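First comes the structure, then the notes that go with it.
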Amino acid sequence: MTQRSVLTRRAVFAGALSIPGTGIAAPLLDLTNGGGLFSKPSGQSGALDLFGEPSSASRDSNRSQAKFRASHPFQIALHNPNTHESLTVSLRANAGLNVTQTSQIHRFLRDWRRNEIKEIDNNILKTFLEICDHFGRDDSPVRVQVTSGYRSKATNDHLRRSSQNVARNSLHVQARAIDFSLPDVPISALARTARRICPGGVGRYPSFIHIDSGPLRRWSA
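Take the sequence shown: its letters are residues -25 to -1, 1 to 196, numbered as in mature numbering (1 follows the signal peptide of the UniProt record, and there is no 0).
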């Protein structure tokens, strides 16, 4: 080890000690886009801003772009309580979504306020489908109630003007987050499964969970 590297490490260590409260205060987290206000996330990786979103320096996901493949045949019955739209998707064992199904899901998860469609990030879509696959049954569809998918910047800015709990750089804006619940599954069980499957962010709320393809985070609100 060179003298320069020793001095550099000592300087960094000393600088860290001089910052009051470093590593102690938990960040404020966003109730709308994946973190409960004043809740304490665990398993963080990467810097977080005040609303619990990954900073621009750590925003890119390191996950592979592997496609989802169902472990068994099942159906997903999607419902959006905001638009009252429904969509049923059938999956075969060892197969994923076809082109038509993928397009239908992108549209279903659109920004419904502006009717704006953006392709959902493959990583978070894969995680979402893996969670549904876990609860899927051959004899009945998995009922899924989607609270929020893609959110345009214009919609996000509008929501920010009416609520201080909406993050400026929400992963919903990047189509990398989905908020949803399974009416036939307790939130506790859904959150537990999501935390096991999702390598990104997972937030548990009273009536839904949030998943995203950002850095590893876990929180409850």
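Where a beta carbon is used, it is the ideal one built from N, C-alpha and C, also for glycine.
Fair warning: this is a prediction, and the values are worked out from it, not measured in the lab.
Can you find the residues in the same chain that come closer than 8 angstroms, C-beta to C-beta, to residue i, ignoring five residues on each side of it along the sequence?
i, result
"A45", "L66, R67, A68, N69, A70, G71, L104, D108 and G111"
"H47", "A68, D108, G111 and D113"
For residue i and residue j, I'd like the C-alpha separation in whole angstroms.
i, j, result
"F155", "A142", "19 angstroms"
"S188", "D114", "31 angstroms"
"S127", "P161", "30 angstroms"
"L165", "L157", "7 angstroms"
"S137", "W194", "24 angstroms"
"H81", "A196", "28 angstroms"
"L191", "C173", "8 angstroms"
"E91", "F43", "25 angstroms"
"L134", "T122", "15 angstroms"
"N97", "Q79", "14 angstroms"
"L62", "I99", "19 angstroms"
"T102", "D132", "27 angstroms"
"S182", "I153", "14 angstroms"
"residue 198", "A41", "Absent from the structure is residue 198, since the part of the chain shown begins at -25 and ends at 196."
"S163", "Q139", "27 angstroms"
Please list, in chain order, all residues of the same chain as residue i whose beta carbon is under 6 angstroms from its beta carbon, the five residues on each side excluded.
i, result
"V117", "I51, C107, F110 and G111"
"V64", "I51 and Q76"
"Y180", "A196"
"G175", "D187, S188 and G189"
"N73", "none"
From the DSSP output, which residues share a beta bridge with residue i?
i, result
"S166", "It should be noted that the sequence gives Ala, not Ser, for residue 166. BP columns for A166 are empty, so no partner."
"V119", "L53"
"V64", "I51"
"S195", "R179"
Which residues bound the alpha helix (DSSP H) around residue i?
i, result
"A152", "No alpha helix (DSSP H) holds A152; the beta strand (DSSP E) holding it covers A152 to S156."
"S188", "Per DSSP, S188 belongs to no alpha helix (DSSP H) and is neither H nor E."
"N131", "K128 to S137"
"F43", "That residue, F43, is in no alpha helix (DSSP H); it is neither H nor E in DSSP."
"H81", "V74 to F83"
When DSSP labels each residue in this structure, what does residue i get in the three-state scheme?
i, result
"E94", "coil"
"L53", "strand"
"L100", "helix"
"D86", "strand"
"D159", "coil"
"C107", "helix"
"R143", "coil"
"K171", "Per the sequence shown, residue 171 should be read as Arg rather than Lys. If DSSP states are grouped into helix, strand and coil, R171 belongs with the helices."
Given residue i, which residues of its chain have a CB within under 7 angstroms of its CB, disregarding the five upstream and five downstream residues?
i, result
"A169", "I106, V177, I184 and I186"
"T58", "W87"
"Q120", "H54, P56, F155, S156 and P158"
"Y125", "L84, R85, D86, K93, I95, H147 and A150"
"T130", "D86, R88 and R89"
"E60", "F83"
"R171", "none"
Is any heavy atom in the ligand FAD found nearer than 7 angstroms to the beta carbon of residue i?
i, result
"V177", "Ligands displayed in this structure: none; no statement on the ligand FAD is therefore possible."
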